[in-house]
Amino acid sequence: MSNTPHEIQDEFPEYADKMHALKAGDESFGKLLEDYREVNRAIHRAETEVEPVGDVQMETMRKQRMVLKDEIYGMLTKA
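This is the structure we're talking about:
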């Protein structure tokens with residue numbers, strides 16, 4: 036278990052410019068980024084026991100983050 040937040044810009048630093056451009060020009064991409072940020076922060080709060088959750092909820096949130104990350108990556112590589 037890692038207590039380091041997985042910020043999306045740290046996950047894909049090579050796409051920083053594309054991320055910024057897509058966020059400005061594509062509302063659905065901006066929504067994906069916001070959804071990722073919310074889930075990621077919830078996971079970080081749970082990992083650091085600021086807002087503890089059960090194992091099943093933690094696994095569900097991690098899977099949700101992975102799906103969002105895959106969608107974001109897909110949009111970045113197609114742009």
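Reading the sequence shown from the start, the letters are residues 36 to 114 in our numbering. C-beta atoms are modelled at their ideal positions from N, C-alpha and C, and glycine is treated no differently. The structure presented is a predicted model; accordingly, all values stated were derived computationally and were not measured.
Item: Taking buried to mean at least 16 other C-beta atoms within 10 Å of its own C-beta, is R100 buried or exposed?; Value: buried
Item: State the start and end residues of the unbroken alpha helix (DSSP H) segment that holds G89.; Value: Element bounds for G89: n/a, residue is neither H nor E.
Item: Compute the Euclidean distance between the alpha carbons of E69 and E84, then round it to the nearest angstrom.; Value: 22 Å
Item: Taking the alpha-carbon of N75 as reference, which of L57, D61, K104 has the nearest alpha-carbon?; Value: K104
Item: Excluding five sequence neighbours on each side, which residues of the same chain lie with their C-beta closer than 7 Å to the C-beta of A114?; Value: K53, L57
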